[in-house]
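See below for the structure under consideration.
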Amino acid sequence: MPDDDRLNVLLVASDEQRWDTLGFAGNPAARTPHLDGLADEATVFDGAYTPFPLCCPSRASLWTGRMPRHHHVLGNWRAINPELREAGLGRAFREAGYHTIYNGKWHVPGTTPARMGFTDCSAIPAVLNGRDRGRYIEAYRRYAGEQGYELVAGHVENLTPADVGTLRTAPHRGTSQIALDDYLETWQTGELLRSLDGAPADKPWFAACSFNAPHFPMIVPAPYDQLIDRDLVSLPASFATGTGTKPKEVSESTFATKYADLDEPGWVDMIAHYLGMCALVDSQVGSIVEYLRTTGQLDRTIIVFTTDHGDMMGAHRLMEKGHLLHYEEALRVPLLVRHPDAVTSPARVENLVSMVDVAGSLCDLAGVPWNEADDGLSFADMVGSASPSPTRSHVTAETVLYNMDADANGEYVDPVEWDPGSDAINVSVRTGDVRYIYRSRDIDEFYDHTVDPGEQHNVAAEPSRRAERRRLRHLLAGEIADVFPHVSDTLKRSA
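Residue numbers (our numbering): 12 to 506.
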């Protein structure tokens with residue numbers, strides 16, 4: 012027992028994991044016994060959403076508690092607001108006397124884990140040509156070489172030449188040539204446990220472990236490539252309708268065309284590979300929890316599991332995630348909090364929460380001051396509560412596409428430079444019952460979740476929805492007016 016008896020905090024984040032990829036979320040095909048076990052002793056937030064369905068912007072929101080328009084990471088290769096380069100959750104815990112550990116994928120351009128308050132940093136991906144990569148970890152690539160693997164030097168993923176061949180040809184998925192014991196996530200977990208072993212004994216620790224799985228590509232190590240029973244995998248209900256009712260910018264996007272050659276069995280198999288990657292993450296969580304148990308730290312550690320965003324994975328025949336995809340499958344995320352003092356009072360919370368709520372909430376749970384000017388609302392009082400009070404009436408998402416994003420290499424762009432003539436913006440709001448999406452380059456969308464949980468029927472043009480559509484447009488206009496006043500005016504003017 013350390014002299015400082017405050018609780019440790021462990022935050023585990025996967026990448027691109029839908030909320031319904033877990034057994035405790037009701038998916039019969041999922042194989043996630045370790046996370047299911049945590050959920051049995053945790054508060055599960057069933058209404059958790061990311062504010063941007065893309066890696067870097069959502070991660071910046073996680074660490075700063077700010078909406079994308081305020082932290083300025085409005086694309087995967089756009090640098091963070093210079094004022095926030097040394098701010099955030101890691102710094103809050105370090106300044107409170109915690110030993111801080113960061114392990115794995117970072118993906119916040121323009122800063123580093125060390126600058127944002129983490130003392131012990133391991134398995135951090137390289138920045139190549141200004142782009143913070145997800146899997147390209149030089150220490151791991153050296154390790155893989157020592158184990159006899161040849162990784163393609165010019166590829167940002169850890170793929171062998173045979174893996175690259177599998178990825179580039181139909182069916183675009185398959186078995187990794189790297190054995191499970193040598194796979195990135197297995198190696199990364201070992202690095203985390205070494206960091207925990209080396210943590211000072213006289214103070215609590217805050218550790219963040221960020222896995223890249225189940226992010227594409229679906230080159231999955233055995234046995235996880237075949238772990239999932241294909242007979243238990245169901246195609247989403249919206250698969251049948253496809254993108255027929257979606258805006259043209261969605262139906263003609265690469266999210267719709269990239270895997271157009273897949274037939275229904277192919278989609279089932281792709282989803283099975285994806286769920287296999289989720290099971291791989293689950294196994295690593297199990298290893299970490301077992302370490303905490305055997306070292307006597309489990310009952311003095313707050314454990315949080317979440318992800319940065321989801322994946323369409325066949326919904327509306329769309330794949331992956333991105334700025335256009337303001338849909339449930341891309342925006343809704345898993346979030347659970349296991350608090351040692353609440354393991355006998357697990358709860359399922361339907362209240363809406365946002366990624367920007369996590370930082371302040373963890374500080375509140377740990378008794379750490381959180382002095383950032385953030386956009387979050389604490390959900391700490393909901394942990395272990397059988398009947399939590401509502402906190403949010405809605406959550407929002409905002410995505411910006413700059414005309415020059417394809418050529419971005421980690422440069423900083425102030426959002427006030429957004430040009431309505433060449434750049435695009437999509438903003439959306441999710442209440443308990445509906446989702447409304449505004450697109451600067453295409454039609455609006457409105458989905459009534461009470462009768463259409465799969466978001467298959469766009470009712471934005473129906474006269475009966477005019478009043479609520481106007482109300483939600485004004486709500487969004489008010490939220491973004493401080494950074495995008497011209498878009499705010501458009502929302503109010505054409506409501």
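For every residue, glycine included, the Cβ atom is placed at its ideal position computed from N, Cα and C.
Going by DSSP, name the residue or residues bridged to H118.
-> Along the sequence shown, read from residue 1 onward, the residue named residue 118 stands at position 107. BP columns for H118 are empty, so no partner.
How long is the line joining the alpha carbons of T512 and R96, rounded to whole angstroms?
-> Lying outside 12 to 506, the shown extent of the chain, residue 512 is not represented and no answer is given.
Let me know if A181 comes out buried or exposed under the rule of 16 or more other beta-carbons within 10 Å of its beta-carbon.
-> The sequence position of residue 181 within the sequence shown is 170, counting from 1. Sixteen is the threshold: since fewer than 16 other Cβ atoms of the shown chains lie within 10 Å of the Cβ of A181, the residue is exposed.
Between which two residues does the beta strand (DSSP E) containing E361 stretch?
-> The sequence position of residue 361 within the sequence shown is 350, counting from 1. Where E361 is concerned, the enclosing beta strand (DSSP E) starts and stops at A358 to S365.
Starting from the Cα of L347, find the closest Cα among T318, A471, R450 and V367 and give me that residue.
-> Along the sequence shown, read from residue 1 onward, the residue named residue 347 stands at position 336. For L347, the closest of T318, A471, R450 and V367 by C-alpha to C-alpha distance is T318.
H82 to A71, Cα distance in whole Å?
-> For the purposes of this step, residue 82 is identified with residue 71 of the sequence shown, where counting begins at 1. For the purposes of this step, residue 71 is identified with residue 60 of the sequence shown, where counting begins at 1. Answer to the nearest angstrom: the Cα atoms are 7 Å apart.
Between which two residues does the beta strand (DSSP E) carrying E409 extend?
-> Locating residue 409 in the sequence shown gives position 398, where the first residue counts as 1. According to the DSSP assignment, E409 belongs to the beta strand (DSSP E) that extends over H405 to L412.
Quick one: grab the DSSP three-state call for G58.
-> In the sequence shown, the residue the question calls residue 58 occupies position 47. Residue state for G58 is assigned as strand, using DSSP reduced to three classes.
Do you know whose CA, among D310, P62 and R450, lies nearest T355's CA?
-> Position 344 of the sequence shown, counted from the first residue, corresponds to residue 355. Ranked by how close their Cα comes to the Cα of T355, the residues D310, P62 and R450 have D310 in first place.
Consult DSSP for S505 and reduce its assignment to one of helix, strand or coil.
-> Counting from 1 along the sequence shown, the entry for residue 505 is found at position 494. Three-state result, S505: coil.
Exposed or buried, what is P380 when buried is set at 16 or more other beta-carbons lying within 10 Å of its beta-carbon?
-> Locating residue 380 in the sequence shown gives position 369, where the first residue counts as 1. By the neighbour-count rule (16 or more Cβ atoms within 10 Å), P380 is not buried but exposed.
Between the Cα of R482 and the Cα atoms of F457, K116, G321 and R142, which residue gives the shortest distance?
-> The residue given as residue 482 occupies position 471 in the sequence shown. That would be F457, whose Cα lies nearest to the Cα of R482.
Could you tell me whether the stretch 199-210 touches the stretch 119-139, where touching means 3 or more Cβ pairs closer than 8 Å?
-> Enough Cβ pairs lie closer than 8 Å, so yes.
Inter-stretch contact at 8 Å, needing at least 3 Cβ pairs: the stretch 207-223 / the stretch 17-24 | When Cβ pairs closer than 8 Å are counted between the two stretches, the stretch 207-223 is seen to touch the stretch 17-24, the count reaching three or more.
Using DSSP bridges, identify the partner residues of R441.
-> For this step, residue 441 is matched to residue 430 along the sequence shown. The partner list for R441 (beta bridge, DSSP) reads V406 and R446.
Among A471, R328, V494 and A90, which has the Cα closest to the Cα of T9?
-> Residue numbering for the chain in the displayed model covers 12 to 506; residue 9 lies beyond these limits and cannot be assessed.
Mapping DSSP to helix, strand and coil, what is T318?
-> Against the sequence shown, residue 318 aligns to sequence position 307. In this structure, T318 counts as strand in the three-state DSSP scheme.
Run through the stretch 28-96 for me and flag every whole beta strand (DSSP E) of 3 or more residues, listed as ranges in chain order.
-> If we require 3 residues or more, the beta strand (DSSP E) runs fully inside the stretch 28-96 come out as 54-60.
Tell me where the beta strand (DSSP E) around L346 begins and ends.
-> Here residue 346 refers to the residue found at position 335 of the sequence shown. Segment L346 to R349, the beta strand (DSSP E) holding L346.
Is Y423 buried or exposed, if buried means 16 or more other CB atoms sit within 10 Å of its CB?
-> For the purposes of this step, residue 423 is taken as residue 412 along the sequence shown, with counting starting at 1. In the assembly as shown, Y423 is an exposed residue. Its beta-carbon has fewer than 16 other beta-carbons within 10 Å.
Taking all protein chains shown into account, decide if A435 is buried (16 or more other Cβ within 10 angstroms of its Cβ) or exposed.
-> Sequence index remark: in the sequence shown, residue 435 carries index 424 (1-based). Classification of A435: buried, given that the 10 Å Cβ count is 16 or more.
Decide if the stretch 220-233 is in contact with the stretch 280-289; the criterion is three or more beta carbon pairs, one per stretch, under 8 Å apart.
-> They touch, by the three-pair rule.
For V175, the three-state DSSP class (helix, strand or coil) = As a first step, residue 175 is located in the sequence shown; it is residue number 164 there, counting from the start. Helix at V175.
CB of L483 to nearest heavy atom of the ligand SAH: below 7 Å?
-> Of the ligands one can find in the structure shown there are none, so the ligand SAH has no counterpart to examine.
Three-state secondary structure assigned by DSSP to H468 = Numbered from 1 along the sequence shown, position 457 holds the residue referred to as residue 468. DSSP places H468 in coil when its eight states are reduced to three.
Pair within 8 Å by beta-carbon distance, L46 and V369 = Position 35 of the sequence shown, counted from the start, is the residue given in the question as residue 46. Position 358 of the sequence shown, counted from the start, is the residue given in the question as residue 369. Between L46 and V369, the C-beta gap is not smaller than 8 Å, which leaves the two residues out of contact.
CB-CB under 8 Å to A397, same chain, minus the five flanking residues each way: which ones, in chain order?
-> The count along the sequence shown starts at 1 and reaches residue 397 at position 386. Counting only Cβ-Cβ distances below 8 Å, and skipping sequence neighbours, we find S356 and A358.
Can you tell me the Cβ-Cβ gap for R477 and V470, rounded? I've got them flagged as a contact below 8 Å.
-> Residue mapping note: residue 477 aligns to position 466 of the sequence shown, counting from 1. Residue mapping note: residue 470 aligns to position 459 of the sequence shown, counting from 1. Contact between R477 and V470 is ruled out by a C-beta separation of about 11 Å, above the 8 Å threshold.
Taking C-beta to C-beta, are E340 and R29 nearer than 8 Å?
-> Along the sequence shown, one-based indexing puts residue 340 at 329. Along the sequence shown, one-based indexing puts residue 29 at 18. It is a contact, given that the beta carbons lie within the stated cut-off.
Three-state secondary structure (DSSP) of D463 = By one-based count along the sequence shown, residue 463 stands at place 452. D463 falls in the coil class under three-state DSSP.
Which one of L273, S249, N382 and N114 has the shortest CA to CA distance from E106?
-> Taking the first residue of the sequence shown as position 1, residue 106 is located at position 95. For the set L273, S249, N382 and N114, the Cα lying nearest the Cα of E106 is the one of N382.
State buried or exposed for L363, treating a residue as buried only when at least 16 other CB atoms are found within 10 Å of its CB.
-> In the sequence shown, the residue the question calls residue 363 occupies position 352. Buried: at least 16 other Cβ atoms inside 10 Å.
Thinking just about the alpha-carbon of each residue, which of T305, L273, S264 and F316 is nearest to the one in C289?
-> Locating residue 289 in the sequence shown gives position 278, where the first residue counts as 1. The alpha carbon of C289 has as its nearest neighbour, out of T305, L273, S264 and F316, the alpha carbon of F316.
Start-to-end residues for the alpha helix (DSSP H) that takes in V261 | Within the sequence shown, the letter at position 250 stands for residue 261. K259 to S262 is the extent of the alpha helix (DSSP H) around V261.
What do you get for S400, buried or exposed, if any count of 16 or more other CB atoms within 10 angstroms of its CB means buried?
-> Counting from 1 along the sequence shown, the entry for residue 400 is found at position 389. For S400, the number of other beta carbons within 10 angstroms of its own is below 16, and it is reported as exposed.
Buried/exposed call for R403, threshold 16 Cβ in 10 Å = Along the sequence shown, one-based indexing puts residue 403 at 392. Result: buried.
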